[in-house]
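One rule links them: number in the numbering used here = place in the sequence shown (from 1) + 30. Ideal placement from N, C-alpha and C gives every residue a C-beta, glycine not left out. Just so you know, these numbers come straight off a predicted model, no measurement behind them. Have a look at the structure below, then the notes.
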Amino acid sequence: MTAIDQLSGTALGQYELRELLGQGGMGAVYRAHQPTLNREVAIKLLKVQPAGYLERFTREAQTAATLEHPHIVAVHDFGHQMLPDESEVYYIVMRLLTGGSLADRLQDGGRLTLAETLVLLTQLASALDYAHERGVIHRDIKPGNVMFDAQGSAYLVDFGIARLTNVDTLTETGTAIGTPGFMAPEQWRGETVTPAADQYALGVLVYRMLTGNMPFSGESPYTLMYQHLNEQPTPPQGFRADISAAVARVLQRVLAKQPEERYPTISEFAKAFRAAMEAQDDLKTVPITVKPVQRIDLDAPTLPPITLPSAAPAALQRKFPWAALIVVMIPLLLIFMLLSQPGAAPIVTPTTTLSSAPATPAASATFLIVVNPVEAATVDALSSIIDDNPDQARAYFNRGSAFIMFSDCVDAIPDFTRALELDSDYDLAYISRAYCYSQTGEARKGA
31 MTAIDQLSGT
41 ALGQYELREL
51 LGQGGMGAVY
61 RAHQPTLNRE
71 VAIKLLKVQP
81 AGYLERFTRE
91 AQTAATLEHP
101 HIVAVHDFGH
111 QMLPDESEVY
121 YIVMRLLTGG
131 SLADRLQDGG
141 RLTLAETLVL
151 LTQLASALDY
161 AHERGVIHRD
171 IKPGNVMFDA
181 QGSAYLVDFG
191 IARLTNVDTL
201 TETGTAIGTP
211 GFMAPEQWRG
221 ETVTPAADQY
231 ALGVLVYRML
241 TGNMPFSGES
251 PYTLMYQHLN
261 EQPTPPQGFR
271 ADISAAVARV
281 LQRVLAKQPE
291 ERYPTISEFA
301 KAFRAAMEAQ
311 DDLKTVPITV
321 KPVQRIDLDA
331 PTLPPITLPS
341 AAPAALQRKF
351 PWAALIVVMI
361 PLLLIFMLLS
371 QPGAAPIVTP
381 TTTLSSAPAT
391 PAASATFLIV
401 VNPVEAATVD
411 ALSSIIDDNP
421 DQARAYFNRG
431 SAFIMFSDCV
441 DAIPDFTRAL
451 ELDSDYDLAY
461 ISRAYCYSQT
471 GEARKGA
């Protein structure tokens, strides 16, 4: 199959690919020439081409082409073509913008002034509300999808591209689509996406433009998922002294965990941001109210050392370099969640020591279920615990966690689902299942 970044000089329909401008996870972008109109255009080639892709590609491209707004890049054409090696390529033809991207301006911790941020926010808010009024949700707001023309005006690109590269149907829920650092909590949960998700992502972008930092900075998708679902971002004044408390309150609302707690529209967000900027100077001294971040009690009993199971080392580490972090997080967060939930059953402290614990695999796993579930001897041992405790949500959660450690998210999903059926408030099972959805592309059914 021809590499998608090796097509300079290739003709796609009436277009001649001339120069590779960039490439990423979704495909590659070329500068191309359209001889019929004697103009330069940008052409995006898409990598993902599953069975039945043409129908959804056509539908999404046609939808994107209907968006005519001063701050949405115009889609001129689209198509698909067989290459000489008989591989198929899908492409979208767009206006060529020569002013670079917002990612270029923000690289190496760069940031914008408050005035620059307001101008950019106003332009993007207008574009997104226009699209939302027509039933189109972007789903992947990020610096790389904000481009500039030669005069410095901003344009949103890639409407619908995030869904085009997801292999499930257009209407299914349960699949997380987007860039992890910018994804709203409801996207992580696999829920139906609404315009509020675009608003949240734009809020993350504004936070990044103002502070030079992301509101959440986990080093793995799993950590980011937990932060977006549960934690509050660092108040932006911690990174920049000239951000008033009024501006910080606006960012706090746009980054609310629940969609209904954000602004009614993105333009309302932009108006609130402008009003906060224009507020009197004495508002800068008003303290911002931030919900306390729940953290693990450092004075809690120390857990035994946690290591990867001997049966899942090198291959697992290569495929999931952050797997060790998951091993640490799951048991710690499990105990934390149990301690923090009102009315939760107390954790049973085993009276035996490791040296005197029963020697059989099932008995050893029973001992470890409270202390260190991921170190249980085998999946079989955890299965026998389920046989003995079929109504215990934690037993299913533990086995699902073990499946993750063995790179088996497919088998983990039913266990997390069963745990949630037994305990609908089991937050860690919810988070873990969402993580598995994001890895497998499987759509949630029912719950």
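Between the alpha carbons of Asp-35 and Thr-209, how many angstroms are there, rounded? 22 Å
Where Gln-153 and Asp-438 are concerned, what is the direct C-alpha to C-alpha distance, given to the nearest angstrom? Each residue's Cα considered, the two are about 44 Å apart.
How about Leu-151 and Ala-300: do their beta carbons lie closer than 8 Å? Contact: yes.
Can you name the start and end residues of the beta strand (DSSP E) that Tyr-185 belongs to? From DSSP, the beta strand (DSSP E) with Tyr-185 extends over 184–186.
So for Lys-74, helix, strand or coil by DSSP? strand
Take Gln-422 as the anchor and find which of Ser-431, Glu-451, Phe-433 and Ala-411 has the nearest alpha-carbon. Glu-451
Span separating the alpha-carbon of Gly-184 from that of Gln-469: With the sequence shown as reference, residue 184 is identified as Ala, and Gly is not the correct amino acid for it. Going from the Cα of Ala-184 to the Cα of Gln-469 covers about 33 Å.
With a threshold of 8 Å, are at least 3 pairs of Cβ atoms found where one atom belongs to the stretch 172–189 and the other to the stretch 253–261? With the rule of 3 Cβ pairs closer than 8 Å, the stretch 172–189 does not count as touching the stretch 253–261.
Compute the Euclidean distance between the alpha carbons of Val-409 and Phe-427, then round it to the nearest angstrom. Rounded to whole angstroms, Val-409 to Phe-427 spans 12 Å at the Cα level.
Would you say Ile-122 and Asp-228 are within 8 Å of each other, going by their C-beta atoms? no
On the criterion of 16 or more Cβ atoms from any shown chain inside 10 Å, does Pro-114 qualify as buried, or is it exposed? exposed
If you draw a straight line from the alpha carbon of Val-71 to that of Arg-86, how long is it in whole angstroms? 24 Å
Can you find the residues in the same chain that come closer than 6 Å, C-beta to C-beta, to Gly-248, ignoring five residues on each side of it along the sequence? Leu-254 and Gln-257
Verify whether the separation of the beta carbon atoms of Leu-285 and Pro-263 is less than 8 Å. yes
Which residues mark the beginning and the end of the alpha helix (DSSP H) in which Leu-151 is found? Membership of Leu-151 in the alpha helix (DSSP H) is indicated by the continuous run 144–163.
Quick check: the Cα distance between Gln-64 and Ile-167, rounded to an integer number of angstroms? 29 Å
Output the distance between the C-alpha atoms of Glu-291 and Ser-462, rounded to the nearest integer angstrom. 25 Å
Contacts around Ala-309, its chain only, beta-carbon distance under 6 Å, and the 5 residues preceding and following it disregarded: Taken in chain order, the residues that qualify are Ala-276.
Which one of Met-307, Glu-146 and Phe-246 has the shortest CA to CA distance from Ala-214? Phe-246
Quick test of your reading: Gly-174 and Ser-131, contact by CB under 8 Å. State the CB separation rounded to the nearest angstrom. 6 Å
Residues in the same chain with beta-carbon distance under 8 Å from Thr-224, minus the five sequence neighbours each way, listed in chain order, please. Ile-167, Glu-216 and Pro-289
One question on the structure: do Ala-464 and Trp-218 come within less than 8 Å of each other, judged by their Cβ atoms? In this structure, Trp-218 lies closer than 8 Å to Ala-464 by Cβ.
State the start and end residues of the unbroken alpha helix (DSSP H) segment that holds Ile-167. Element bounds for Ile-167: n/a, residue is neither H nor E.
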